[in-house]
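Scroll down for the structure; my scribbles are underneath it.
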Amino acid sequence: MEKVINYEQEKSTESSDITNEGAINLAPGAERYHTTLQNGGTAGASGINHPETGVSVLDYSTDFPELPDKLNACASQLLGGIWNKPPAVRSERTTQVYHLSGDERASRTSNKNFGNTNEEQQKCNEIALATGTQIEICEAKDHSLTLLITGKRQRVEEARSHVARKLKTQAAREIAIPKEHHRVLIGREGIKLRQLEQDTDCRIMVPGRDSPSDIIKIIGPRDGIEKAVHEIQLVSDKQSKLAQEHLMIPRIYYPFIRGPFNETIDELASKTGAKINIPPPTASSEVIVITGEKEGVHHAAAAVRQIYENMKAIVKPVTCQVTRAQHRYVVGPQRRGLAEILKATGVSVEVPPEEEDSDTITLRGDPTKLGEALAMVYAKASSVITAEITCEPWMHKFLIGPKGATLETLVPNKDKVQIGFEQDGLIYLEGAPEEVKKAQMSLRCEIKRLTEKMSSETIRVSPSLHRHVIGRGGALISKIKDETGVQISIPNEQTNSDEIKIEGNKEGVKKAIEEITEIVKRIENEKSRDILIEQRFHKQLIGAKGETVQKLREQFPSVIFSFPDPGKKSDIVNLRGDRVEVDKAYKQLTAMNKDLLESNFQMTVPIFKEFHKHIIGKGGTNIRKIREETQTRIDLPGGESGEDKIIVTGKKTNVEKAVEQLTKIQNELANITTVEVNIPQKIHSRLLGGGRRLILDIQDECGGVHIKFPLEKTTSDKVSIRGPKDDVARAEKMLMALAKDRELSSFEDSVSAKPEFHRFIIGKGGSRIRKIREMFPDVRILFPRDTDTDKDIIHLVGKKEDVTEVKKQLESMITELNENVEAKMEVDPKHHRHFVIRGAAVLREIQDQNGGVIISFPRAGTSDSKVTLKGSKQCVECAKARIEEIVEDLESQITLKIEIPGEHHRALLSNRGQKIQELQSKYNVQIKFPDRRLRENAQNETEKNMDDDGPSLLDTITINGRDTRCKEAAEALKALVPITRTVNVAFEHHRFLIGRSGETIRSLMQAHDVNISIPPEDTHLDEIMITGTTENVESAVTDILKRVGEFEEAAEIRRLRSFKLSFDVPSEYHVRLIGPRGKVVNELRAKHDVLIAFPRSSNDPPDTITLTGYEANCKACKEEMEAIIGEAQSLFTQEIFLDATFHPRLIGQKGRNLKKVMDEFKVEIRLPRCTDPDPNLVVIAGKDEDAVYDCIEQLRREEEEFLQERRQYISPRVMEQPPPPPRVEVEIKGAPWQLDMQSEEQFPTMGNAQATAAAAGAWSGVRRF
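Last residue of the sequence shown? That's 1265 in full-length UniProt numbering, and every number before it is there in order.
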């Protein structure tokens, strides 16, 4: 079987690159093949050419010989390539094995037992903790110790060093090193010494700088000491071979020692290997320091001295005067000018420093060369000159032009002249004399022309008026610029400057100033005024289709009328414009508002619902007659509404006349009367409270009579009742009875009592005040609140007789409380301490609760049991009862022990024992946990009690208090013991349950007061552990399961939203789908709630668009996109070629020019992308064929104008591409894949089974797994 391979001839550049790679990277046949191609051949080296068939035949055995058994080093290195490099990414953690023989272990030499691994293990644990590593230790039978140290590389090395120092046998050695070598051994900031200590695992102590000793002491393992001594000795020996020499040579000879461009000193340093340090020109030192090996230093010093002696004998000085401004041209960049003179003449040139005000330049050298050097100095000094031109600062921008175009026209050889513009108006020119003169003359002519034709003026306008000059969106200022052709600069608001600069031709500047001045004058003469007109009149002022307000605007053209939006419910109408016109318009609107108010006066008249049909009349005759006679508007409520009030609108006299007629009709139809009754104004609010419910009940019960109370702001007591005579009488009777009842029950009075007595008046659990309220239920007793300023007043509201009686009882109670008495009681001395400990906290609490009663206990240490109480009688009795209660509690206290495992104690005492403190306060008990300091004793007792099967002391909690209270506290304490519950939550929901940076899980734990443990991510477990009290755990589990349900629901939504729909759209229409700045695609995304992905990389299909979202939304979006493409395909399209350099001009700043052209001709213009093959191809599409052609003509004209403006335009040359080379087919013979698989000659048998078994040897047999 033959295999034919087709090769395509590469370009000449690629062939040369392949040939230059060398024979090692190419097989011989391939190398000869490429060489032949390069030389113009078409066949292999040993192959047979067939020109008639175009096939080249290669022999596999000759063109692809076998590789040698061993490659040379170079070939191995090249063939290895990047595969021989270590991997770029390494693990941060590493493991190092450290071995200690039995003789090296420090524990063997100690007084303790041999191989004390407990001590060594303890030391390893300390090292691991200090270095953040893991250390495993193993002892062998031969008493050797093997340690595995795991951790970060730097930490592992640090741990290994500590292990060697603490576990290895330590020794000490002293070595004498010369004092001057110590600094090299230590290194900068001790870096070298620390590195040596780390490498040798030794501690190296170098004597201090002030110490005269030169002995260095080394402590560490024996092998480490040997290594440290060797390294220190090497450093010392190297320093002993070095030397240093100082040469005092005057500064004037330094240039000759350095040589031009430092050639002499560099050559000397390379020959001798010494380092020669010559002070810089700015240094004051004249000492040349030479350091290095002794021999090299001596040769370099001798050479420097020789140069000095030679130049000292022949050097003569000469001075010349050169203007200081020209010195820098003599020096040149990086002192290159001085080096060139030195190299050409051998003369050094000394230029005074810039801070010296001197024009003298000194030349030193051979007298025969001084003349030539002096000529070079003058030539360099006069090669460049400077010039100054003075002009107005505002002219600079006109001289420079846009992007420097004007300046480039004025000064064609700009690269030969340096031009600098200063803020004070000066223009600096620097360069060759002829070029500077030309540029100076050209600039002066342009400045003269600008002075004659252009001007710059500054006008002052208040910063508050700048926005009026600019106009909305800059429209006003842009209009002025376009009309006058000037540049107007308005300062930024932050500067608060009032200067506006106007620059341009003189006539335009003058006209612009006039227009701005007129605007400012008009704005300053403006006035803004507000008028209050009820919103119900705005519609009438505006008129139908704005006719009325339009007449006002025609009457006052300089006034702007601004009405508020109907939704704002505002009455303010704003007038802005000329002062006089605004005042006139204000007067006219005021008059119109007055007329509207007069003609829109409103009154509400209550007419019983059953009489409305009679008021309307047959066919509306009655209501129409009243409207015509009174010239009013009468609005009746709807038939379905329960409202019975009729609204009459018009002029006041006419409205009153209409109301009178309406009332007359009702009176004629029924016996309607009106009665006025006097009810005190102070109880009006009581009668009208609760949404007028009491009054409405009376009206409904009495046949719908109308009861009208006076307005709140008035002081009138008259209330009118209107309706049928019998109903009015009944309503009057009920209203007076209700008013009398409210008046009788609204008597108010007050008593005064100290705030500390209020609790005694109220009684325990409110018993006393409840008793009084039960006796007098109609009396309200109001105690002062925390926000009241008068804390002593107790208010009483109710019937007068009841209020008087309650006041007497309260005053008698207060009198009793004000009477001071003294009482004594017996308290066992053993309980005295309970009252006075902790700063007498219990005693103060009793005093605060009982009106500040004074309680005196006998002195401590006495056997007196009498306690004295002083204060009001009731307070003393309450305090005495409280003390007796406390004493009884103390005498009846018991101690209850409960067993709670010690691991839960910390959880019970969390948050500084807040839970325990709450239990103690609630049940009045003392709860005591095992003391940490007695833990060891408790452990021993626990071991003893284990035989008795008793509770452990470490788990026992003691509760002191009353028996019932202790039991309740014990139950409450046991309820606080945390439990752990496991909840299965799918692993994929864990990250949502944790939240960003753990926010969600922390909020859950805080909300439910539990601890939630989520398994590590690498375990992929579903079980979540929740620890806390039973109630909290249950609530947390419920909350978590609820959230999991939400997560699953969200996952389902994400699954539905992940539907993808891909379809192909020609890439030329992608721009249309995206739209300007992504407008179209963003609207599609927002409308259909989908993600739209266009191809980005070269690997993506160029025409495929992918939609992601709900399936229905994706399909709807696809249909709309196809509709857009269909519309685009229906457009008339033309392709034109526009020069690629013209495209930026066509686009304009932020695409404004391009948008303007497209809007003008109603077309679309698609410019080529950077990846398109032809950068000049532009596509124009539009609905109108004529508009497309008009747009093309416009673009052609603009392109031609642009190309004419380009001064350095070069038309591109079209390079003729050579024809592609013919394809060559290569045929290979004799390759391994062409062998006959069935041939025994080519594939012989391997012999019989016995020979195979014998050959297998020890490796034969069955493989066992």
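Idealized CB from N, CA, C, for every residue including glycine.
C-beta atoms of residue i and residue j nearer than 9 angstroms
| i | j | result |
| --- | --- | --- |
| E126 | S161 | no |
| K799 | D828 | no |
| G259 | G296 | no |
| V1033 | V985 | no |
| I225 | A164 | no |
| V322 | V330 | yes |
| Q809 | I762 | no |
| G220 | T200 | yes |
According to DSSP, residues forming a beta bridge with residue i
| i | result |
| --- | --- |
| M454 | N505 |
| I276 | I290 |
| G259 | None; G259 has no bridge partner. |
| D59 | K1229 |
| Q321 | T360 |
| S750 | H795 |
Own chain, CB closer than 7 angstroms to residue i, minus 5 neighbours either side, in chain order
| i | result |
| --- | --- |
| residue 1267 | Lying before the first or after the last residue shown, residue 1267 is absent from the chain, which here runs from 1 to 1265. |
| I634 | I623, I626, R627, I646, V648 and A658 |
| S285 | P279 |
| M1025 | T980, T982 and S1013 |
| R768 | I761 and I762 |
| P978 | H904, A907, T1027, G1028 and T1029 |
Closest Cα partner of residue i within the set the options
| i | options | result |
| --- | --- | --- |
| L100 | E226, E157 and L167 | L167 |
| A975 | R962, Q306, I1001 and K915 | K915 |
| K453 | G485, G425, N505 and H182 | N505 |
| I232 | E174, E518 and F261 | E174 |
| S383 | V797, K824 and E435 | E435 |
| residue 1270 | C1114, R1096 and K1060 | Because the chain spans 1 through 1265 in this model, residue 1270 falls outside it and cannot be assessed. |
| T1189 | K1162, V925 and R844 | Note that residue 1189 corresponds to Tyr in the displayed sequence, not to Thr. Nearest option by C-alpha distance: K1162. |
| D571 | D578, L919 and F563 | F563 |
| H298 | E309, K275, K312 and P281 | K275 |
| P1076 | P1144, M1158 and S685 | M1158 |
| H706 | R328, V605 and V1080 | V605 |
| residue 1270 | L1146, G1109, H1070 and D1103 | Within the shown structure, residues of the chain are numbered from 1 to 1265, placing residue 1270 beyond reach of any answer. |
Assigned exposure category for residue i - 16 Cβ within 10 Å defines buried
| i | result |
| --- | --- |
| D727 | buried |
| L234 | exposed |
| P1212 | Caution applies to P1212, whose pLDDT of 49 falls short of 50 and renders its modelled position unreliable; the value that the coordinates give is listed next. Under this definition P1212 is an exposed residue. |
| Y253 | buried |
| I1233 | The sequence shown places Trp at residue 1233, rather than the Ile named in the question. The residue in question, W1233, is exposed, as its Cβ has fewer than 16 Cβ neighbours within 10 Å. |
| R722 | buried |
| K568 | exposed |
| G47 | In this predicted model, G47 has a pLDDT of only 47, less than 50, meaning its place in the structure is not dependable; the value taken from the coordinates is given anyway. By the 10 Å Cβ count, G47 comes out buried. |
| G1028 | buried |
| A325 | exposed |
| E31 | Low confidence applies to E31: its pLDDT is 49, below 50, so where it sits in the model is not reliable enough to give any reading. |
8 angstroms CB neighbourhood of residue i in its chain, flanking five on each side removed
| i | result |
| --- | --- |
| residue 1272 | Beyond the ends of the chain as shown, which are 1 and 1265, falls residue 1272; an answer cannot be given. |
| G151 | R93, T94, T131, G132, T133, Q134 and A159 |
| N1176 | F1137, L1138, D1139, A1140 and P1168 |
| K70 | Low per-residue confidence applies at K70: pLDDT is 47, beneath 50, and the placement is therefore not dependable, though the value from the model is reported in the following sentence. No residues qualify anywhere along the chain. |
| L374 | V318, C320 and L363 |
| T862 | P829 |
Close-in-space but distant-in-sequence residues of the same chain around residue i (CB under 6 angstroms, 5 per side omitted)
| i | result |
| --- | --- |
| R730 | C702 |
| T673 | K725 and V728 |
| T755 | The sequence as given places Pro at residue 755; Thr does not occur at that position. Taken in chain order, the residues that qualify are K791. |
| R222 | A171 |
| K708 | S720 |
Within-9 angstroms CB hit, residue i to chain B
| i | result |
| --- | --- |
| K527 | This model lacks chain B altogether, as it is built from one protein chain only. |
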